[in-house]
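Protein chains in written order, with the working numbering: chain F, 312 to 415; chain V, 312 to 415. First up is the structure itself, then whatever we jot down about it.
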DNA sequence: GCTTGACCTCGAGCGCGCTCGAGCTCCCAG
DNA sequence: CTGGGAGCTCGAGCGCGCTCGAGGTCAAGC
């Protein structure tokens with residue numbers, strides 16, 4: 312709940328309000344939220360996400376920049392996956408060798 | 312440099328000192344450092360890393376716990392890779408469709 | 001002997017992304 | 001009509017992992 316409000320503060324979401332001022336998350340909001348979460352999980356910064364969402368809200372003229380952002384992000388994610396893969400190999404090596412004591 | 316000292320503070324490294332009190336990183340230290348960096352990059356917390364290194368320094372009796380830690384970490388890393396893979400798919404989808412404007 | 005510059009210690013500060021709590025408001029069940 | 005519980009706002013606070021700077025020390029080159 313607090314996080315949802317925080318995201319809204321940050322301009323990432325803009326749920327409607329009901330008569331009593333309470334937020335109502337429509338399917339679109341939920342989709343956007345899922346996207347935001349996914350980008351966050353994959354290491355996109357709030358700053359970048361704010362920019363991206365702002366561009367999205369600004370209309371089709373911003374497509375090229377958004378596309379560039381996605382390209383950049385894809386590259387970073389791919390690199391991160393590489394890192395993870397290597398770490399996984401190391402980790403599994405340690406597991407396999409029952410951890411060769413002296414050095415970690 | 313500052314980070315190396317920080318890691319040392321945290322008990323992750325213990326380089327020798329020369330006569331003048333300056334740190335000298337031996338091959339073992341460098342190997343440990345590389346390991347630490349790899350674990351950090353793959354999302355292991357400083358806390359966990361401190362524990363792991365302490366166990367390593369405590370001798371072979373701690374192998375089972377270290378092994379368990381590596382198993383846990385491997386699982387988390389695998390899950391993270393899954394997340395990244397999904398995010399990459401989403402991202403590439405956005406790139407491919409030239410970003411279907413309205414919703415981000 | 002003297003300068004110079006790298007490295008030392010220690011404590012404070014920072015950027016990020018939430019997370020929390022106090023105090024208020026509003027709807028709705030009974 | 002009333003009481004209670006969920007949601008609201010706003011500002012402050014937190015945990016993590018560094019990152020920085022001031023001020024001191026020491027070895028090496030001139």
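Just so you know, even glycine gets a beta-carbon here, dropped at the ideal spot from N, CA and C.
If we count the other Cβ atoms within 10 Å of its Cβ and call it buried at 16 or more, is residue i buried or exposed?
i                      : result
residue 314 of chain F : exposed
residue 390 of chain V : exposed
residue 364 of chain V : buried
residue 385 of chain F : buried
residue 312 of chain F : exposed
residue 407 of chain F : exposed
residue 347 of chain F : buried
residue 398 of chain V : buried
According to DSSP, residue i sits in a beta bridge with which residue or residues?
i                      : result
residue 327 of chain F : F:335
What residues from chain V crowd round residue i, counting only those whose CB sits closer than 7 Å?
i                      : result
residue 382 of chain F : 406
residue 409 of chain F : 374 and 378
residue 418 of chain F : As displayed, chain F neither begins before 312 nor continues past 415, which places residue 418 of chain F out of reach and without an answer.
residue 391 of chain F : 395
Going by alpha carbons, who is nearest to residue i out of the options?
i                      : options                : result
residue 383 of chain V : F:330, F:403 and F:332 : F:403
residue 387 of chain F : F:327, F:359 and F:312 : F:359
residue 350 of chain F : V:396, V:363 and V:340 : V:396
Output, in chain order, the set of chain F residues within a Cβ distance shorter than 7 Å of residue i.
i                      : result
residue 319 of chain V : Near residue 319 of chain V there are no residues of chain F at all, since even the closest Cβ is about 15 Å away, more than 7 Å.
residue 353 of chain V : 394, 395 and 398
residue 350 of chain V : 398
residue 369 of chain V : None at all; the shortest Cβ gap to chain F is about 10 Å.
If the cut is a Cβ gap below 9 Å, which residues of chain V does residue i touch?
i                      : result
residue 361 of chain F : Here the premise fails: no neighbours, minimum Cβ distance about 11 Å.
Within this structure, are the beta carbons of residue i and residue j separated by less than 7 Å?
i                      : j                      : result
residue 336 of chain F : residue 326 of chain F : yes
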